[in-house]
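**Student:** Below is one structure. I have some questions about it.
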Amino acid sequence: AQSVAQPEDQVNVAEGNPLTVKCTYSVSGNPYLFWYVQYPNRGLQFLLKYITGDNLVKGSYGFEAEFNKSQTSFHLKKPSALVSDSALYFCAVRDINDYKLSFGAGTTVTVRA
Amino acid sequence: DAGVIQSPRHEVTEMGQEVTLRCKPISGHDYLFWYRQTMMRGLELLIYFNNNVPIDDSGMPEDRFSAKMPNASFSTLKIQPSEPRDSAVYFCASSQQAYEQYFGPGTRLTVT
């Protein structure tokens, strides 16, 4: 079985401050990890993924995430948040031998001006 | 590319009626996924296809739900008969070799 935990329902930061959204996962084998963002009344948009290689992956809109195998974490980060980053963020995982994605419950990010 | 296309964007129907949701995946993608999103249950995978063949439908809630993919450019999700608890946003997503998935805008279904 595979699962994702996003321990924070909400994250609030001031514009220009660093943003971190936490994610931990559980899979039986090696993981493929993903971050998605959802704006109101829109579908999910792919931000970045970890498949293999460098533990630090960079994605769209200045976001990055670090894969930590020992802590089974894949936290999303942005050095300087923008008001336009306010949205719902989902972490997702799949086992490399399974094509089904498991999503976390989501974290609502609010960036105040 | 236009991305994943879903229709209709909104559907309001009465309990007992048949509902058909449609999806056109991104050209060249060989995987197609149907999801349901609700506040209570979050994002749930209903079924996925590979090269038009259903691979895993274990997430389909009941026999009232069925999905087809007659060709690489089109898929349907049908609910017959519909019930109020089916009210949700239904997403279609496609991917190439099951890496990152690209989602459509969703269909917001309301069953009264």
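These protein sequence lines map, in sequence, to chains S and E. Heads up: the first sequence begins at 1 in this note's numbering, then just goes up one per residue. Heads up: the second sequence begins at 1 in this note's numbering, then just goes up one per residue. The C-beta atom is built at its ideal place from N, Cα and C for all residues, glycine as well.
1. Starting from Gln6 (chain S), trace the beta strand (DSSP E) in both directions and tell me its first and last residue.
2. Are Phe90 (chain S) and Phe103 (chain S) closer than 7 Å when you measure CB to CB?
3. Helix, strand or coil, according to DSSP, for Pro81 (chain E) in the structure here?
4. CB-CB under 8 Å to Thr112 (chain E), same chain, minus the five flanking residues each way: which ones, in chain order?
5. Tell me the start and end of each unbroken beta strand (DSSP E) in the stretch 46 to 94 of chain E that is at least 3 residues and wholly inside, in chain order.
6. Measure the alpha-carbon distance for Asn55 (chain S) versus Gln71 (chain S) and round it to whole angstroms.
7. Give the DSSP-derived three-state secondary structure of Asp85 (chain S) in the structure shown.
8. Residues of the stretch 77 to 106 of chain E in Cβ contact with chain S at a cutoff of 8 Å, in chain order, please.
9. Considering only their Cβ atoms, is the gap separating Val57 (chain S) from Leu48 (chain S) smaller than 7 Å?
10. Starting from the N-terminal side, write out each stretch of the alpha helix (DSSP H) that is 4 residues or longer and does not extend beyond the stretch 49 to 113 of chain S.
11. Considering just the uninterrupted stretch of the beta strand (DSSP E) at Ser7 (chain E), what are its terminal residues?
12. Starting from Gln38 (chain S), trace the beta strand (DSSP E) in both directions and tell me its first and last residue.
13. Looking at C-alpha atoms only, which residue of E:Val4, E:Leu21, E:His10 and E:Val89 is the closest neighbour of Thr76 (chain E)?
14. Quick test of your reading: Tyr50 (chain S) and Tyr61 (chain S), contact by CB under 8 Å. State the CB separation rounded to the nearest angstrom.
15. Can you tell which of S:Ala87, S:Leu44, S:Tyr25 and S:Tyr99 has its C-alpha closest to the C-alpha of Glu66 (chain S)?
16. Mind the definition here: the stretch 30 to 44 of chain E touches the stretch 91 to 105 of chain E only if three or more C-beta pairs lie below 8 Å; say whether that holds.
17. Quick one: Cα of Leu45 (chain E) to Cα of Asp85 (chain S), how far?
**Tutor:** So, from the listed chains and residues:
1. Element bounds for Gln6 (chain S): n/a, residue is neither H nor E.
2. At the C-beta level, Phe90 (chain S) and Phe103 (chain S) come within 7 Å of one another.
3. In the structure shown, Pro81 (chain E) adopts coil according to DSSP, grouped into three states.
4. Excluding positions up to five away in sequence, the list reads Val12, Thr13, Glu14, Met15 and Pro84.
5. Counting only runs that start and end inside the stretch 46 to 94 of chain E, the beta strand (DSSP E) elements of at least 3 residues fall at 53 to 56, 65 to 71 and 74 to 79.
6. Straight through space, the alpha carbons of Gln71 (chain S) and Asn55 (chain S) are spaced by roughly 13 Å.
7. DSSP places Asp85 (chain S) within a helical segment (H, G or I) once states are collapsed to three.
8. For the stretch 77 to 106 of chain E, the set of residues with a beta-carbon nearer than 8 Å to any beta-carbon of chain S comprises Phe91, Ala93, Ala98, Tyr99, Glu100, Gln101, Tyr102, Phe103, Gly104, Pro105 and Gly106, in chain order.
9. Taking 7 Å as the Cβ cut-off, Leu48 (chain S) and Val57 (chain S) qualify as a contacting pair.
10. If we require 4 residues or more, the stretch 49 to 113 of chain S turns out to have no alpha helix (DSSP H) run fully inside it.
11. DSSP places Ser7 (chain E) in the uninterrupted beta strand (DSSP E) bounded by Ile5 to Ser7.
12. Pro31 to Gln38 is the extent of the beta strand (DSSP E) around Gln38 (chain S).
13. Closest option to Thr76 (chain E), Cα to Cα, is E:Leu21.
14. The Cβ separation is near 17 Å, so there is no contact.
15. Measuring C-alpha to C-alpha distances from Glu66 (chain S) to each of S:Ala87, S:Leu44, S:Tyr25 and S:Tyr99 identifies S:Tyr25 as the nearest.
16. By the Cβ rule, the stretch 30 to 44 of chain E counts as touching the stretch 91 to 105 of chain E, because three or more pairs are nearer than 8 Å.
17. For Leu45 (chain E) and Asp85 (chain S), the distance between alpha carbons rounds to 26 Å.
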